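Each residue of the sequence shown is one higher than the one before, starting from 0 at the first, in numbering that gives the first Met the number 0.
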Amino acid sequence: MFAVIETGGKQYRVIEGQKLRVEKLLGDVGAKVDFDRVLMVGGDKSRLGVPFVAGAKVTAEITVQDRDKKIIVFKMKRRKRYRRKNGHRQPFTEIKVTSIDA
């Protein structure tokens, strides 16, 4: 059985036992998180939501709260002496899907 959930403005296809990196969620490591915004539940019988599947829920456990590797943002306009260098580290949460309730 799989489900399509929405979190952080993105959609993810998840199955039980899967580890997944999502946008930062509130909570400590080991905390349980419920996703009520389930767009689709698939398997033997597929159910589509309009826009969400009524009564469906995906439960996950937070395994890691961290920040990603640094990326460099460099802007330059040639012949204008304009250069800007900036770094960015995006925070993320790694979760492990424990159950899918349809």
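All C-beta atoms, glycine included, are put in the ideal place defined by N, C-alpha and C. Bear in mind the structure is a predicted one, so any value in this text is a computation, not a measurement.
* Would you check if the distance between the CB atom of F34 and the CB atom of V49 is smaller than 7 Å? => No, they are not a contact pair.
* Any idea if A53 is buried or exposed, counting beta-carbon neighbours within 10 angstroms, 16 or more meaning buried? -> Here A53 is exposed: its Cβ has fewer than 16 other Cβ atoms, across all protein chains shown, within 10 Å.
* Asked: Buried or exposed: V96, going by 16 or more other Cβ atoms within 10 Å of its Cβ?
  -> Buried: at least 16 other Cβ atoms inside 10 Å.
* Check whether V32 and L24 have beta carbons under 7 Å apart -> For V32 and L24, yes; Cβs fall inside 7 Å.
* **Three or more C-beta pairs below 8 Å linking the segment 59 to 67 and the segment 83 to 91** => For the pair of segments examined, the segment 59 to 67 was found to touch the segment 83 to 91: the number of CB pairs separated by less than 8 Å reaches three.
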